[in-house]
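Novice: My questions will all concern the structure given below.
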Amino acid sequence: PDHVADDLKNVLMSREEIDQVVRDLAARIDEDYKGRDLLLVGVLKGAVMIMADLSRELKMNVSMDWMAVSSYGSGTQSSGVVRILKDLDTDLMGRDVLIVEDIIDSGLTLSWLVSNLKSRGPRSLEICTFLRKPDAIKVDIDVKYVGRDIPNEFVVGYGLDFAEKYRNLDALGTLAPHVYQSE
Ligand code: PRP
Ligand code: MN
Ligand code: MG
119 PDHVADDLKN VLMSREEIDQ VVRDLAARID EDYKGRDLLL VGVLKGAVMI
169 MADLSRELKM NVSMDWMAVS SYGSGTQSSG VVRILKDLDT DLMGRDVLIV
219 EDIIDSGLTL SWLVSNLKSR GPRSLEICTF LRKPDAIKVD IDVKYVGRDI
269 PNEFVVGYGL DFAEKYRNLD ALGTLAPHVY QSE
């Protein structure tokens, strides 16, 4: 049968490598937030996998909430103008909040999200991203936890999609050209 991994050109991170990166992130977060009441805020839909794995690697008890946002504008690149599709259920006033993202590309989504969430009066607000593309970032954002810096290439898997597909791939990879050409 067809396999979700069949369309990959290169595997950037195997499932085992991903697990190790997630374990290291979780260890740092457990240490840094010792004794605190932490709220993880996942950004739908890409962050579903990292949120599920990271939260289960944590030894500490955390709360989880979700936001869905969409950037306006044409094309595949985010414009920085963001619309909330699903807001948090949780009041952030006085809370220790950690945003959990799958990837920082241009950084525009997260930069908007940070200023939006900051205005809600959290006690602290930090970012944990599984991936970051240093060569694609357009804005200055303070990111406390980065799983892995990657080259400026389109990647899929582990929550990241191409046209809503490949999110369920357990590894991270680049897509073969024939996938784009058939679109
Ligand atoms: C992707 C990714 C990040 C964002 C990063 O989400 O999951 O949330 O883009 O891009 P940026 O740094 O250039 O703003 P997308 O908007 O594709 O939605 P999805 O998570 O549902 O796939
Ligand atoms: Mn996303
Ligand atoms: Mg996407």
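To get my numbering, take the position in the sequence shown, counting from 1, and add 118.
Glycine included, C-beta positions come from ideal geometry on N, C-alpha and C.
Quick caveat, the model's predicted, so the values are computed rather than measured.
Do I255 and I217 have their C-beta atoms within less than 9 Å of each other?
Specialist: No.
Novice: Quick test of the definition: if touching needs 3 or more C-beta pairs under 8 Å, does the stretch 148-156 touch the stretch 175-188?
Specialist: With the cut-off at 8 Å, the stretch 148-156 and the stretch 175-188 touch.
Novice: Hey, is G275 close to the ligand MG, as in C-beta under 8 Å from one of its heavy atoms?
Specialist: No, the Cβ of G275 stays beyond 8 Å of every heavy atom of the ligand MG.
Novice: Within 8 Å, do at least three Cβ pairs link the stretch 262-277 to the stretch 236-250?
Specialist: Short answer: they touch.
Novice: Measuring from the CB of K283, is there a heavy atom of the ligand MG at a distance below 8 Å?
Specialist: No.
Novice: Am I right that L226 and G198 are in contact with their C-beta atoms under 8 Å? What's the rounded C-beta distance?
Specialist: Confirmed, about 4 Å.
Novice: Assuming N286 contacts V129 under a Cβ cut-off of 8 Å, what Cβ separation, rounded to an integer in Å, is found between them?
Specialist: Contact flag wrong, Cβ pair sits at about 15 Å.
Novice: Can you tell which of A186, V140 and R238 has its C-alpha closest to the C-alpha of M167?
Specialist: Of the candidates A186, V140 and R238, the one whose C-alpha sits nearest the C-alpha of M167 is V140.
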